[in-house]
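*Asks:* Before I ask anything, let me first share the structure, which is written out below as structure tokens.
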Amino acid sequence: MQIRNVQVDEDKDILQKKDKASKAKQINWGKHCETGVKALHESLCDETLALWNMNTPEEVWSVMEGVSHCPGLLKSKLLKFLIYKLVFAHEHLAIPIADLVQYLQSTHHSIKVAADLISIVLPLLDAESYYLRNAVVTAVMHILMADFRARDKSTTAAADEDGPNDDGPTPSSTSSAQFRPLSRQRRDTLFGVLEDRVHDVNSFARSHVLRCYRDLCEEGAVPLRHIQKLPNIAVERMQDRTSSVRKYSIELLCVLLEHNPYRETLDRQYYEGQKNHLVATFTAKKKAVMEDVEEQLNRRLSGLNVNESQIATNEEEREVELQKLERLLLFHTHALEFIDTLENDAIPLLIQLLGSAAITDVLESIRFFHQAHAFRLHQATQGIRAMLILIWRTDPKIQELVLKTFQSILFYKPQTDLLVAPTQAAQTLLTLLDGCTVSDATCLEQLLGVMKAKELVPQRVIAALWDLCGDNSSCNTIGHSIWLLSMLKTPPRLEVLLEHGLGARVREEHNWLCVRATSHMLQNWNFKDKSLIPDGIEPLVVSLQTFLTMIDETNLDWFDAAQQAIEALFHVCQFPEQPCGDIVATWSTALFPTDEDDHDEAVCSASELSKFVFILGHVAIRMAVYVESLASSVKEARNKLQHDQSKADKEQSSMEDELGLHAEIEAEEDEFLHALTQNDLVGRNLLGAYGPILIRLVANEDGIFDDELIKEASTVALCKFMCISAEFCEKNLPLIFTRLKECQQPSVRSNIVVALGDLSFRFPNLVEPWTSHIYARLRDINVNVRKNTIMVLTHLILNDMVKVKGQVSEIALSLVDEDKRICELAKLFFHELSKRGNNPIYNMLPDTIGRLSTSATLSKKSFQEITKFLLGFIHKDKQTESLVEKLCHRFVTTAEVAHWRDLAYCLANLSLNDKSLKKLVELRKLFKTCLVDDGVFECFQQLVSKAKKFSKAETKETLDELEHVINAIHSGENLDDNENLLDLPHKKPEKVKTPRKAKKGKESTRKQNVSVETENDENAADAMPKRLQRKARKPTKAKEFIDSDDDDDEDNDDEEDDVAGDDEPPAGRSQPGKRKKADAPRAKATHSKKKK
């Protein structure tokens, strides 16, 4: 029978007996419980615990739970002290004690008893197990929740007791007597406990505290003064390194938004207006009170009668009113601080978390921005635009949540399932598009296309967008509406586009957004056959020609609109060369008159010349694409015709294939296409006639064309001409690279770098000798030039259009660039490069380290940061061993102490295995003189200490040997090689005869390799032990060439790494310090002879 039932039965018996004798025999169960718990505590010794297989019997904790059923028993100080000793004596049993702590707080509804119990377990916050700490935090949370409910119930009971009640005490009054809320000081202490636990060393404990805060906020149990601290706590934990902590911190922010104590909207303008009004009112009333007090004081001093009671009443009323205004002012101040924390601190971090690799970070950030938009936070729009790029994520959860979020934001009322009016939805889309960058607009187009394909866009919204294209709307509204309709792949209304997209109003206001949007919609119009284009398209083509031949002064938006207009002409016209030729002829006649009389008076502005040059370049590149598309369509048609004819006459087609007639026809067509693009388009055609003009504009030898717009437009046009013809490109490459180096205008250099990326793809052999000039732009003074350069080089290298060479060290320098975006691009480049099968980073690493170490502009800190990042990509043991040997050989190639320290730092940051450590011991002669320097010695000490942390039992002996060698050399001791080398096989290998039928070419190649390595490694040989030098001079055995494939099957990179470094020994060379196994020479030689 449980103790609780025994006590209840005994209490009933005592009440029934009235005589004094029976009262004298009453049992004091509290005293018995104290005695029992004391006996349990004394029995829990080491000898007693040995009777059970577990650390402690579970029955003890079951007895403890039974005792906790009686709150009256827990009032005993001795019993609480015994429980305290039991808990702390067996702190290592984290899970049972944690269950007991949570049981204590969950089984008692009395706040007083629970608060008394929490004093026992609060010291467990310093326990080693996070289970115990989490249990205490849970107990604190439930006490705070119970305290909140008790205060609420006591308030309700007080309201009920105000009315007369003749029936006696109500249940509410009984409950109010039972619940005793905590004092303010004790409640603040418990909140302080939660605030301290947020910085727990364990991530699970930090996550648990944030969950408890979330539950308290959902219950409404957090006072207003503590709510002000929670946003800062959540923002701080959003920077945690653990994803679960970041997840619960964002959830806490969402709950704070949803249950904020201010208003349903958090509009900054509203609260600032209210605050300013309250400040003005408070100041005015305070001034009035001061004037009234001064007036009454003057009346008293003058001896006039004063009504003291009336004055006291008025002062009291005014004091109450001022206190009310002061509280309202403090409320609005706290609201503004809450908004500032969310907008200035939380939202920038959440925008960064949208690009996190952890899916939970992305999902929770999306939910926060959805809620922030519903509460009208001004900075939430930035987060919504940052979410647009997530439409390209391949994870289905992210993509699905993005689509649902944007559907709710665009077409539904906040936090409801009701659709908004179509006009309001259209205005929301216009607001989202307004201010978008080019990348944002591309992402929005993809998003709307996916939503339209999944039928998530209501048709009424599309109709509302067409309705906005009218006379009552501005040109910006019309342009954005047409642009959104083109993103939605809506079939165009030609009359609306002609009247409002390309009408006279657009040309008068010079608002080219409508022209660009109309051209974009025409490009999205899918024409299966251009011969079936409707008749209404001709007026649009004429309007586009009129726009492209405008000679009036305009703004810079004209160039973007002109590019889209030319694209639209090539898309909708069956023969686009005719309207484009008319456009070029019109500009040529206007700028370069043919009459001699008008020739002397011909003058053009910089804007006109820039427009003409821009049109020339873009028409030329589009004509090249158009010709290639025509050629491909002709080939497809011919192949289809041949396929149909082959079914009818198989014998004839097979004979033509054998004779090569089809291949001859294709070769003739390719030759004709090549001659057309290489010669006619740029050489003899209408566009080719203006090539010399472009060259003169770009060269600017006389300094006449110094206008920035002319420089930029002419350079881009010349680069487009060069993309068409190889001959034209080869002729003008020196001019382009001269302008890249000498031009002072950053936009020109940026455009040239981007164009060189296209030229490298088009004519790689022509641009390859100039690659070093492209790498040099990574050190440009302009941030945009550097950013464009690293993006172009990343594209070229990762797509195998440019080989990875020694200049990659220039990209490595971008890892410590001043601009954070460039650093991120450089890290992304190396991450993608490391995913290649042969790991090019390993092959180029020795040469890169050597170049970085000799760089005069690179600081020590930057060198260490770069090399530590690059060495993190070396994971294979064979690569590490080879890299250790290469770095050791570099010690003897330099006499600079700074270079020694750099090499030692690189060795210290490698993850060394047993073979690598043995290699260091063998090659200690190479860095023996370098260990005299304290910096080098410190790096080697770090190497040893790092290896000891992750070493196994078999590597301990090698580590001890290496540590002894390093300390001995640094202290100046003279070590004998024979005593300090590790136990290596000393049996001399037997000679293996070279097979007689071996090719002479291979033998001569091997001899050349041996001679070359002897010349390159003279310094290294001087520093090597004599025994190892003799071993290195031995000829290569036949067995090595036979078994070389078996040894290198695990990693093929070891065959390539010797080519990457300039001063690395050849692959066929016998490495110093590495012995060969002695085998039966005759058998192996015979076997190899037969095999060959």
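Here the sequence shown is numbered in the UniProt record's numbering, starting from 1 and rising by one per residue. We treat Cβ as the ideally placed atom computed from N, Cα and C, and that holds for glycine. In this text the structure is predicted, and so the values were computed from the model without any measurement.
Verify whether the separation of the beta carbon atoms of Phe763 and Met801 is less than 8 angstroms.
*Replies:* no
*Asks:* Three or more beta-carbon pairs under 8 angstroms between the segment 368-378 and the segment 284-302, yes or no?
*Replies:* no
*Asks:* Considering just the uninterrupted stretch of the alpha helix (DSSP H) at Glu768, what are its terminal residues?
*Replies:* Segment: none, Glu768 is in no alpha helix (DSSP H) and carries neither H nor E.
*Asks:* To the nearest angstrom, report how far apart Val816 and Ile866 are at their CA atoms.
*Replies:* 7 angstroms
*Asks:* With DSSP as the reference, please indicate the residues paired to Tyr775 in a beta bridge.
*Replies:* In the DSSP output, where bridge partners are listed per residue, Tyr775 has none listed.
*Asks:* Short of 7 angstroms in beta carbon distance, which residues of its chain neighbour Leu388, apart from the five on each side in sequence? Order them along the chain.
*Replies:* Asp440, Cys443, Leu444, Leu447
*Asks:* Going along the chain, which residues of its own chain have a beta-carbon closer than 6 angstroms to the beta-carbon of Ser481, five neighbours each way excluded?
*Replies:* Leu465, Leu468, Cys469
*Asks:* I need the DSSP call for Leu494, collapsed to helix, strand or coil.
*Replies:* helix
*Asks:* What is the DSSP secondary structure of Leu556, reduced to helix, strand or coil?
*Replies:* coil
*Asks:* The alpha helix (DSSP H) spanning Cys888 covers which residue range?
*Replies:* 877-889
*Asks:* Measuring CB to CB, does Arg749 end up less than 8 angstroms from Arg777?
*Replies:* yes
*Asks:* Give the C-beta separation of Leu845 and Leu828 to the nearest angstrom, bearing in mind that I take them to be a contact with Cβ-Cβ under 8 angstroms.
*Replies:* Wrong, their Cβ atoms sit about 18 angstroms apart, outside the cutoff.
*Asks:* So Cys212 packs on Leu230, CB below 8 angstroms; how close in whole Å?
*Replies:* With a Cβ gap of about 12 angstroms, Cys212 and Leu230 do not count as contacting.
*Asks:* Which same chain residues end up closer than 6 angstroms to Leu494 when comparing Cβ atoms and leaving out the 5 residues on each side of it in sequence?
*Replies:* So the list reads Gly536, once near-sequence residues are dropped.
*Asks:* Hey, quick one: how far does the alpha helix (DSSP H) through Gly837 stretch, first residue to last?
*Replies:* Here Gly837 belongs to no alpha helix (DSSP H), and DSSP marks it neither H nor E.
*Asks:* What is the rounded straight-line gap between the Cα of Glu824 and the Cα of Met791?
*Replies:* 11 angstroms
*Asks:* Suppose you measure from the CA of Lys635 to the CA of Val625; what does that come to, to the nearest Å?
*Replies:* Spanning the two alpha carbons is a distance of roughly 15 angstroms.
*Asks:* If you drop the 5 nearest sequence neighbours on each side, which residues of the same chain put their C-beta closer than 7 angstroms to that of Val402?
*Replies:* Ile366, Met387, Leu390, Ile391
*Asks:* Please list, in chain order, all residues of the same chain as Leu278 whose beta carbon is under 8 angstroms from its beta carbon, the five residues on each side excluded.
*Replies:* Leu325, Leu328, Leu329, His332
*Asks:* What do you get for Leu540, buried or exposed, if any count of 16 or more other CB atoms within 10 angstroms of its CB means buried?
*Replies:* buried
*Asks:* Could you give the distance in angstroms between the alpha-carbon of Arg206 and the alpha-carbon of Ala904?
*Replies:* Cα-Cα distance, rounded: 40 angstroms.
*Asks:* Provide the residue span of the alpha helix (DSSP H) that contains Asn276, from first to last.
*Replies:* 268-302
*Asks:* Where DSSP assigns a beta bridge to Leu419, which residues make up the other side?
*Replies:* The partner list for Leu419 (beta bridge, DSSP) reads Tyr412.
*Asks:* For Leu502, does the count of other Cβ atoms within 10 angstroms reach 16, so buried, or fall short, so exposed?
*Replies:* buried
*Asks:* Return the residue from the list Leu429, Asp707, His510 that minimises the CA-CA distance to Val461.
*Replies:* Leu429
*Asks:* For Met550, I'd like the list of residues in its chain whose CB is within less than 7 angstroms of its CB, leaving aside the five on either flank, ordered along the chain.
*Replies:* none
*Asks:* Given a cut-off of 8 angstroms on the beta-carbon distance, is the pair Pro458 and Phe406 in contact?
*Replies:* no
*Asks:* Using 8 angstroms as the threshold, is the C-beta distance between Ala565 and Leu548 below it?
*Replies:* yes
*Asks:* Determine, using beta-carbon pairs with one atom in the segment 309-326 and one in the segment 349-366, whether at least three such pairs fall under 8 angstroms.
*Replies:* no
*Asks:* Within the same chain, show all residues whose beta-carbon is closer than 6 angstroms to that of Asp819, passing over the 5 residues directly before and after it, in chain order.
*Replies:* Val783
*Asks:* Residue range of the alpha helix (DSSP H) that Cys475 falls in?
*Replies:* 475-487
*Asks:* By how many angstroms is the C-alpha of Gln382 removed from the C-alpha of Ser356?
*Replies:* 17 angstroms
*Asks:* Starting from the Cα of Asp560, find the closest Cα among Ala146, Trp525, Ala517, Phe592 and give me that residue.
*Replies:* Ala517
*Asks:* Helix, strand or coil for Met801? Go by DSSP, reduced to three states.
*Replies:* coil
*Asks:* Identify, in the order they occur along the chain, each residue of the same chain with its Cβ nearer than 6 angstroms to the Cβ of Tyr130, setting aside the five sequence neighbours on each side.
*Replies:* Asn202, Phe204, Ala205
*Asks:* If you reduce the DSSP assignment to three classes, tell me which class Val542 lands in.
*Replies:* helix
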